[in-house]
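The number in our numbering is simply the position in the sequence shown, starting from 1, with 202 added. No residue lacks a Cβ here, since even glycine has one placed at the ideal position from N, Cα and C.
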Amino acid sequence: MGLPLSAKFVPLVRLLLFLTTPVAKPIASALDRMSGHELPSVYAQDELIELIAEHEDCAHSDIDADEERINKGALTFSHKRAGEIMTPWPQVVALRVEDALSPETLLRICRSGFSRFPLIGEDGGFVGIVHLHDIVCTLAQGNDHQLFSGIASLPVRFVSTTTPLDTILTELLRSREHLRIVRNHEGDIVGIITLEDILEEILDYEILDEREGKLNANSRV
């Protein structure tokens, strides 16, 4: 019963094929030329980077060089570790709890170009991060001889030199913090890493504000 019924529709199917072929065949050919071959649904990371680069090189591409750079940075930054981009500890300006807001200390702070400063306790351990905003507020209140131990500080947290940048970025965004102190595998303090440092890796571009540009500074806290 099924075969005789299907046979009755054969002429109709042939007619539809005849009518649609002049339209369908050119469209199919055009799609084949555009894709070249069937595109995979999943790319390896290096393949995706190469594909973006090739797309940017095309004359009619809507991806410019800046977008290619940012895409590449976003795809590769997770392979980098804190130790690769941190600011080495000898370049970090740290404050001590027993220090006061003396003219000498304020001059050192101003010349540093930084906005956040690790605060070191009397025992040599870290007790927090002092923000420049808190220093300015303290001075505005007339407490120009206030010890740093009495200035509000942000919590201090640590990462290893081998901690991936994407892990640090997630932690910083989740905690709404800006800075991590970096330790090596022996537990020694070797540097600091900031949210700005990681963003520079993603953008593949050094971020400088007007003041830092005048100072010809490197990455700032």
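Practice problem: Taking A354 and F319 to be in contact with their CB atoms under 8 Å, please state how far apart those CB atoms are, rounded to whole angstroms. | Solution: As a working mapping, residue 354 is identified with position 152 in the sequence shown. As a working mapping, residue 319 is identified with position 117 in the sequence shown. Incorrect: roughly 13 Å between the Cβ atoms, too far for contact.
Exercise. Look at the alpha carbon of D390 and the alpha carbon of L253, and state the distance between them as a whole number of angstroms.
Key: As a position in the sequence shown, residue 390 is number 188, starting the count at 1. As a position in the sequence shown, residue 253 is number 51, starting the count at 1. Using only the alpha carbons, I get a separation of about 42 Å.
Quiz prompt | Inter-residue CB distance, V332 and L349 (contact presumed, cutoff 8 Å) | solution = As a position in the sequence shown, residue 332 is number 130, starting the count at 1. As a position in the sequence shown, residue 349 is number 147, starting the count at 1. Incorrect: roughly 11 Å between the Cβ atoms, too far for contact.
Quiz item: Since R382 contacts I394 with CB under 8 Å, what's their CB separation in whole angstroms?
Solution: On the sequence shown, position 180 is the one that residue 382 refers to. On the sequence shown, position 192 is the one that residue 394 refers to. Their Cβ separation, rounded to whole angstroms, is 7 Å, which keeps R382 and I394 in contact under 8 Å.
Quiz item: What is the rounded straight-line gap between the Cα of T372 and the Cα of S304?
Solution: One-based indexing of the sequence shown puts residue 372 at position 170. One-based indexing of the sequence shown puts residue 304 at position 102. Roughly 37 Å between the two C-alpha positions.
Quiz item: Anyone know if the C-beta pair for W291 and V392 falls short of 7 Å?
Solution: The count along the sequence shown starts at 1 and reaches residue 291 at position 89. The count along the sequence shown starts at 1 and reaches residue 392 at position 190. In contact: W291 and V392 (Cβ atoms closer than 7 Å).
Quiz item: If you compare alpha carbons, which of I404, G352, V338, A255 is closest to D301?
Solution: Counting from 1 along the sequence shown, the entry for residue 301 is found at position 99. Of I404, G352, V338, A255, the residue nearest in Cα terms is G352.
Quiz item: If you draw a straight line from the alpha carbon of D346 to that of C339, how long is it in whole angstroms?
Solution: Indexing the sequence shown from 1 puts residue 346 at position 144. Indexing the sequence shown from 1 puts residue 339 at position 137. If you take the alpha carbons of D346 and C339, they lie about 10 Å apart.
Practice problem: Determine the direct distance from the alpha carbon of D399 to that of T365, and round the result to whole angstroms. | Solution: On the sequence shown, position 163 is the one that residue 365 refers to. On the sequence shown, position 197 is the one that residue 399 refers to. Distance between the alpha carbons of T365 and D399 is about 14 Å.
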